[in-house]
Amino acid sequence: MNRCPGMPEHQTRPGQAHLRHDRPHLERPHPEPPETEWPHGERPDAERTDSERGGATVLLLAMGLVFVLVGTFGAAVAAAGMAAQRAAVAADLGALAGAARVLDGDAAACASAADIAGRNGGRLVDCRSDGLDVLVTVEVAITPLPGLTRVVASMARAGPVRG
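Sequential numbering of the sequence shown, starting at 3, is according to the numbering used here.
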C-alpha cells in the first residue's frame with residue numbers, strides 16, 4: 003500500500019484513485035543515493051570542523067547592536083539639547099512677561115512669568131524682582147531613555163534698557 007504524501011492516515015493500493023485528488027498512486031522505486039564526489043570533499047551531513055562557520059553572522063549582529071546603541075545615544079543627546087533650548091526659551095519669555103508686569107508688584111510679575119513659562123513647556127521654580135528687573139528660573143523635565151528622567155534648568159533676567 004502507498005501512503006498519500008503528507009497524509010499518513012490515508013492509504014490506497016497501487017493503481018487505485020485516491021479520494022482527495024482522484025489520481026492513482028503509482029509505485030515508485032526508491033532511488034539509491036548517487037555515489038558521487040561531493041564538492042570540497044565532504045558530504046552535506048558530515049560533521050563540520052571549520053571554526054569560522056557563522057562568524058559573519060555574529061559580526062553582523064554585533065554591528066547592528068552597535069548601530070542601535072549609537073542611535074539611541076544620539077537620540078538621547080538630541081532630546082537633552084532640545085530640552086535645554088526649551089528651558090531657555092521658557093525662561094526668556096517668562097522673564098519678559100514678568101518685566102512687563104513688575105510695576106504691578108512681585109506677585110503679579112511672578113504669576114505672569116509662571117503662566118508664560120508653563121505655556122512653553124517649563125515650570126517656574128524661582129522668581130524675584132531686583133528693582134525693575136525680573137529674574138526667573140525655569141525647569142524642564144526630560145526623559146531621554148525609559149526610566150531615566152532628568153531636569154534641565156535655565157535662568158533669565160529681563161528689565162528696562164539702561165543707558
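Where a beta carbon is used, it is the ideal one built from N, C-alpha and C, also for glycine.
This one's a predicted model, so the numbers in the text were calculated from it and none came from an experiment.
* Asked: Which residues in the same chain have their Cβ closer than 7 Å to the Cβ of residue 143, if we skip the five residues on either side of it in sequence?
  -> Here the question's residue 143 lines up with position 141 in the sequence shown. If the five residues before and after residue 143 are omitted, its C-beta is found closer than 7 Å to the C-beta atoms of 151, 153, all from its own chain and listed in chain order.
* Could you say if the stretch 93-106 and the stretch 126-139 meet the contact criterion of at least three C-beta pairs nearer than 8 Å? => Short answer: they touch.
* According to the neighbour-count rule (16 or more other Cβ atoms, all chains shown, within 10 Å of its Cβ), is residue 76 buried or exposed? -> In the sequence shown, the residue the question calls residue 76 occupies position 74. Exposed, by the Cβ-count rule.
* To do: Rounded to whole angstroms, what's the CA-CA distance from residue 158 to residue 79? Just pull it up for me.
  => Counting from one through the sequence shown, the residue named residue 158 turns up at place 156. Counting from one through the sequence shown, the residue named residue 79 turns up at place 77. Roughly 23 Å separates the two Cα atoms.
* Is residue 163 helix, strand or coil by DSSP? -> Position 161 of the sequence shown holds residue 163. Here residue 163 sits in coil by DSSP.
* Asked: Between the stretch 87-96 and the stretch 116-124, are three or more C-beta pairs nearer than 8 Å?
  -> With a cut-off of 8 Å, the stretch 116-124 and the stretch 87-96 count as touching, because enough Cβ pairs lie within range.
* To do: Tell me the start and end of each unbroken beta strand (DSSP E) in the stretch 118-159 that is at least 3 residues and wholly inside, in chain order.
  => Here the runs fully enclosed are 125-132, 135-147.
* Asked: Exposed or buried, residue 109, counting other C-beta atoms within 10 Å across all chains shown (16 or more means buried)?
  -> Within the sequence shown, residue 109 is the residue found at index 107, counting from 1. So residue 109 counts as exposed.
* If we call anything under 8 Å between Cβ atoms a contact, is residue 156 one with residue 136? -> By one-based count along the sequence shown, residue 156 stands at place 154. By one-based count along the sequence shown, residue 136 stands at place 134. With respect to the 8 Å criterion, residue 156 and residue 136 are not classified as neighbours on the basis of their beta carbons.
* **CA nearest to the CA of residue 91, picked from 115, 74, 72** => As a first step, residue 91 must be located in the sequence shown, where it is residue number 89. Looking at 115, 74, 72, the one whose alpha-carbon comes closest to that of residue 91 is 115.
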